[in-house]
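Protein sequences, first through last, are from chains A, B and C.
Be aware that the first sequence starts at 833, since it is given in my numbering, and climbs by one per residue.
Be aware that the second sequence starts at 13, since it is given in my numbering, and climbs by one per residue.
Be aware that the third sequence starts at 479, since it is given in my numbering, and climbs by one per residue.
Cβ coordinates follow ideal geometry from the N, Cα and C atoms, glycine included.
Scroll down for the structure; my scribbles are underneath it.
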Amino acid sequence: MKRPRRMFGLLALLIVLAMIAAACSDSSDDTTTTTGGDETATTSGGEETTTTAAMSGEGFTFGMILVGPENDHGWSQAHFEAGKYIEELTGATMISLDTVNPADRPETSVEQVVDDMIEQGASLIFATSDDMKDGIEAAAAAHPDVPMIWSSGDSAWAEGDGYRPDLPNLGNIMGKMIYGKMFAGCAAALTSETGKIAYLGPLINDETLRLVNSVYLGARYCWEGAGNDPAELGLEVNWIGFWFNIPGVTLDPTEVTNAFYDGGADVVISGIDTTEALVVAGQRAAAGEDVWAIPFDFVGGCSEAPEVCLGVPYFNWGPSYLGVVESILAGDYTTEFQWLGPDWSDINNPDTSMIGWVAGDALTDDASATVDTLITGLGDGSINLFVGPLTFQDGTPYLADGEVATDAQIWYTKQLLEGVEGASSAG
Amino acid sequence: MGLATHDIRKHFGTIRANDGISFTIESGSLHGILGENGAGKSTLMKILSGFYEADSGEVDLDGETLDLRSPADAIKVGIGMLHQDPLVFLPFTVLDNFVLGSPGPQRLDRSDARAELERVSGELGFRFDSERLARDLTVGERQQLEITRLMWLGAKVLIFDEPTTGISATQRDQLFLTLRSLAENGLIVLFVSHKLEEVEELCDSVTVIRQGKVVFEAAMPITSEVLVEKMFGKVFVEEDRDPAPFGAPVLELSRVTIEEGTTHIEDLSLSCAAGEVVGLAGLEGSGQRTLLRACAGLLAPSSGLLSVDGNNLNKASYRDHLAAGVHYLPAGRLEEGLVEGISIAEHLVLTSEDTGFFINWDAADEAARQEIDDYSIKGRPSSPAEALSGGNQQRLLLAMIPDEVRLLLLEHPTRGLDVGSAAYVWQRLLERRSDGTSIVFSSADLDELLRYSDRIVVFFAGDVFAMRNVGETDGEELGHLIGGKVRG
Amino acid sequence: MRVAAPTLVALSVALAFGVVLLILAGAPPFEALWLLVLGSFGSASKMAATLLAWSPLLLASAGLVITFSAGLWNIGVEGQIVVGAIVATWVARSLPGPVWVILPATIIAGAIGGLIWALLAGVLKTYGGVHEIFGGLGLDFVAAGLVVYLVLGPWQRTGQASTSGTNIFREEAWMPEFETFGTAWPVIPVALGLVSVFAVWLLLRGTRFGLRLKAVGRNPQSSFLLGIPTNRYMLGAFAIGGALAGIAGTVQVTAFHHKLVPAISGGYGFLGILVVLLAGFSAVWIAPIALFFVAISVGSTQLDLRLGLDSAFGGVFQGIIVLFVMIGGAWSASRGSFSQAVREEP
């Protein structure tokens, strides 16, 4: 996702026409982010990609299709930097095209972009958004000899609902952001003085529901660990309706965040592409309130208001993408569905870990140490939060006592957990 | 010593608003500037006060030639103007208004300013609460504030443009006292008006302007008969009339009340028979347009009965009026009559009775050529309306009147036309009259009113002031009536 | 032709300006311009892509010529495309049957959707006194909200709701393409676009309805006094403009995306307004100008792919063209020729 810069740009142009002024400037650093889908889940220790002396990829070309601007400080930039990482380590060449979406490039389809990239010599294509599903599946069918990766998709997952056995060249990679969200929930619970945490949600789907549930599980674990009564922990979700603010269409994330704080919440965790939650927290803290926020997606996410930032969970696509390139170069590539967790030995290792967590300035050392304990426990398997008994909001059982969730049970989440306040479905 | 102008000229497009105006006014005099609407007096005053720059000519004050490029220039040399609506900032206090527009970049201390306000207003005999909001002042008090401010700025010439509009009789009397004392103190006071009565009462001398030229200058008193004649020019003589026989009544108004803005036509009963011509006289905005619009169906009477050929049209729409044979020709030919960018042929297609979906352009051009011949329009079928002169636009509008019309409502049908075009327009209109169409028209031209009307309705201040059969009145009386004065 | 002269001058200046920008961006300017051409017309598939993007822009622009003729700023055109797309999607998803049933049904559905949305703006203007710019803008937002709601709510795709849109339509609901020269040609969309442009030209040039519409647009006061029911004509203009915009929406869903996506309008409505302004409100010029605009959009992808230029370059270039043409227009209007030319065009 990304903001439909072009449409608003045209409107603005119309409005300003009369003012015959300066030439248009490129607004490419209007921050936007992009999340196509995110990830998460427990289990599956995940195949870690090992990077040691990468093999030479001189002469190898791959295509990178981004949904938002390549410098969006978020989802798309994370992918773009993964491509740069591969170029650096292997000498391969990246052809990238950003803002591939119906708002910014209404006349361009993913299939056309893939055709162009292959024509230019690309022998591997990354399509890096949930939005590109139909396009990349059509392109994969049209070019059965070219391996492609659809990030955040489930088309290569034999147990998945969207399995496409007829597309043997299309693989999937996703990160288990469920862990990142558990860390965020834990940090929030340890910091909150009111026991009320809020989640600024985008739109409702399986992915976003599982992330909210992960926040809740992480928060409850640390809340109880600190000796509190779980009944006194509140997690409230409000969905704005899209990945970012569209005036008149979505709820205004700034207003939603303010309403959270006005309602007694003191930590807001952002699930949207943009940074309103952190900005509002910074403003209110400057006015003397004790409030905090947790941004999303991007390793540098805290920079807009570090003094109220408890930390940020982020994606690191480099190692997994590099693994694909290397296996193609080595001739042993097989199409697979990869849902990768962090490198538990060092979750912030840029060469090995898919998911990272940077503690923020506002997180106390004690709390940070507790989060680290959670990380260690999840890493060595001594802690598993997706384990029963867990019940959905409507009272139906999710996991029986002692039952450990499968990846499929986590990926295809249809409801919020009991204890979370907010809508599980639109309307 | 005094104010003098030499050969001031100013034109707007083809209209010569000031066509070589020269006059001299001595210091210490209270001087009236008279003229009908559109005579050019407002333009002249705006030139004197720096709002307009003259095309040529010069203005001298106390023997020095002035270079007036803006109102600020005029105030600097001592010429100040009070507009009909005093230029007062309503949300501000009296003191703020006083200080605003004070000369020079230096900021004035508020207490100094208050002292100045009190001193100057005291000299003039005014009293202000300096902290009151301007919006709470009456129009008369706002005038006083403006006078005070201009005097403080060192005005030597004060121009009053229709200053008695919208103020009470008491305020008017007080204003007149002020004006006299200003003149007695050596100022030049220019009093611009079309109200004969006030000029007679107040002024020492008078200049009459007509069609952009000075036609008369004299010291008062002058009889109003003379002034009327000077203002309106040669007045018509009975022998020029050529009436047609009347038929049955077409337009009938019975105790009709019409309200629009400040216009309030009360309880008017009037009828206009087939072949009859009713003229509407009065200063611009006195209610003539309102009456015409009501007859055309553009404005519903609030009470009374309005009918055409016996059909009640009280609540009928404009299009119903059209269907009933009413045709309205407003004054703004390009604003309300014709469409810019649309050709003569297209205009005639728009008003033709053919209703086919596709237009046969060959036939349309041919028809247009015929009308162009018929009405002596100077233009081609493809000429856009705005390329035509005023007279040719009016001819086109005449050509667009449907054949079957019962009632023609015309607003200033010959305004801005040269004598030939005006005569031609009336020739065509009178042909309609002979066919049994009744005509109601408004005009500012007494000669036109007296020459073509069978009856004249005089409007003053938003209501019908008098009605006269044409044989029973003359230009002099009409001139008085238009100014709101009954002769005798 | 009169429109063409100042426009051509302005285009040349804009082109020169674009070359300077390219040099500043460190790109080889002539290679870049050549890539623009190759990227939009360099192969059969590129040509097909350009023509497919041209069609909705033509439809929207043709409708806008009508509303501009009636003196209306139909800013609501975006929403009309969206609602046309929504109604066409509804038909495509729910109507059974073969292509020859669904194709006309989706076209009519799109037209009806756009028409209704435009009439809302029209009624707000004529009976509610809401200026069509504000009414239209408001309705644009409502339509944008509606499409997001449908895509993420009732019409969410199988599996999970996603901003990637609804499920792909079954193939009977795709606008048929014609395969030849190794690619699929969007014959029907292009035909719809060209026919609508011709129809609009004919309507304004040769019919009583068109002439009255022009009169209403240029002077509603005079037109009313001449006996033209001005409100009805304005509503008529809205209806035609909205119906054409709605068909543009049908093309977007059934010929391009084959599903409904949140940004379904593609911005072709606002782009259409620019096209019509550049064309001097003339139906004759919108086809080439629209083609030029989409060629830049389609071709500029290559600048990005092959030269690594910023993705915004195509849009910046379009913006420069519009600005220069407008400046050129203002300049020659001040010399009295342009306004005349604008008026004279049918």
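Secondary structure of tyrosine 64 of chain B (DSSP, three-state): coil. A contact is defined here as three or more CB-CB pairs under 8 angstroms, and the region 468-482 of chain B meets this definition with respect to the region 275-285 of chain B.
Considered as a whole, the region 1119-1193 of chain A harbours 1150-1162 as its complete alpha helix (DSSP H) runs of no fewer than 4 residues, in chain order. Remark: C-beta atoms of glycine 1095 of chain A and alanine 1030 of chain A approach each other more closely than 9 angstroms. Against chain A, the CB of proline 740 of chain C has a partner CB under 9 angstroms away; the residue lies at that interface. In this structure, the CA atom of proline 934 of chain A is about 43 angstroms from the CA atom of tryptophan 1055 of chain A.
A:Ser1102 is the residue among A:Asn1181, A:Ser1102, A:Gly889 and A:Gly1133 whose C-alpha sits nearest the C-alpha of glycine 1017 of chain A.
Cysteine 215 of chain B carries a coil assignment under DSSP once its states are collapsed to helix, strand and coil. Remark: fewer than three beta-carbon pairs, one from each stretch, lie closer than 8 angstroms, so the region 491-507 of chain C and the region 234-248 of chain B are not flagged as touching.
Ranked by Cα distance from valine 169 of chain B, the options B:Met57, B:Arg381, B:Pro425 and B:Asp279 are led by B:Met57. Counting along the chain, no beta strand (DSSP E) covers leucine 325 of chain B, and no H or E run does either. Straight-line measurement puts the Cα of aspartate 1183 of chain A at about 35 angstroms from the Cα of leucine 1231 of chain A.
Assignment of phenylalanine 24 of chain B by DSSP, reduced to helix, strand and coil, places it in the strand class. If you keep only unbroken alpha helix (DSSP H) runs of at least 4 residues inside the region 759-807 of chain C, you get 761-785. By the criterion of a C-beta distance shorter than 8 angstroms, glycine 643 of chain C is surrounded in its chain by Val629, Arg635, His735, Lys737, Leu738, Val739 and Pro740, once the five residues flanking it on both sides are discounted.
Per the coordinates, the alpha-carbon of alanine 286 of chain B lies some 42 angstroms from the alpha-carbon of valine 204 of chain B.
Straight-line measurement puts the Cα of isoleucine 270 of chain B at about 38 angstroms from the Cα of alanine 717 of chain C.
Within chain B, the residues placing a beta-carbon under 9 angstroms from that of leucine 689 of chain C are Ile354, Glu358, Val361, Leu362 and Ile371, ordered along the chain.
Non-local beta-carbon contacts of leucine 752 of chain C in its own chain, meaning distances under 6 angstroms to residues more than five positions away in sequence, involve Val800 in chain order. The region 997-1006 of chain A makes contact with the region 973-981 of chain A, as at least three CB pairs between them are under 8 angstroms. Rounded to the nearest angstrom, the gap between the Cα atoms of glycine 391 of chain B and serine 433 of chain B is 15 angstroms. Within chain C, the residues placing a beta-carbon under 9 angstroms from that of isoleucine 1078 of chain A are Phe619, Ala622, Gly623, Val626 and Pro740, ordered along the chain. DSSP, read as helix, strand or coil, puts glutamate 1235 of chain A in coil. Taken atom to atom, the span from the alpha-carbon of isoleucine 1005 of chain A to that of asparagine 903 of chain A is near 21 angstroms. For arginine 696 of chain C, the residues of chain B that pass the 9 angstroms Cβ criterion are Val351, Glu352, Gly353 and Ile354, in the order they occur in the chain. Taking a cut-off of 8 angstroms on C-beta distances, the region 445-458 of chain B touches the region 420-429 of chain B, as three or more cross pairs fall below it. Below the 7 angstroms Cβ cutoff, chain C contributes Gln699, Ser700 and Leu703 as neighbours of glutamate 348 of chain B, in chain order. Under the DSSP assignment, arginine 467 of chain B falls in the beta strand (DSSP E) whose first and last residues are 467-472. Beta-bridge analysis with DSSP links serine 266 of chain B to B:Leu317. Your pair glycine 906 of chain A and phenylalanine 1130 of chain A checks out as a contact, with CB atoms roughly 5 angstroms apart and the cut at 8 angstroms. Annotation for asparagine 1090 of chain A: Val1112 place their beta carbon closer than 7 angstroms to its own, counting only its chain and skipping 5 residues before and after. Chain A has no Cβ within less than 9 angstroms of the Cβ of leucine 542 of chain C.
Ranking A:Asp1038, A:Val1157 and A:Ala959 by CA distance to the CA of alanine 1240 of chain A puts A:Asp1038 first. Within the same chain, and ignoring the five residues on either side of proline 1221 of chain A in sequence, the residues whose Cβ sits closer than 6 angstroms to its Cβ are Asp1233.
Within the region 935-955 of chain A, Ala935, Asp936, Arg937, Pro938, Glu939, Thr940, Ser941, Gln944, Val945, Asp947, Asp948, Met949 and Gln952 place their CB atoms closer than 8 angstroms to a CB of chain C, listed in sequence order.
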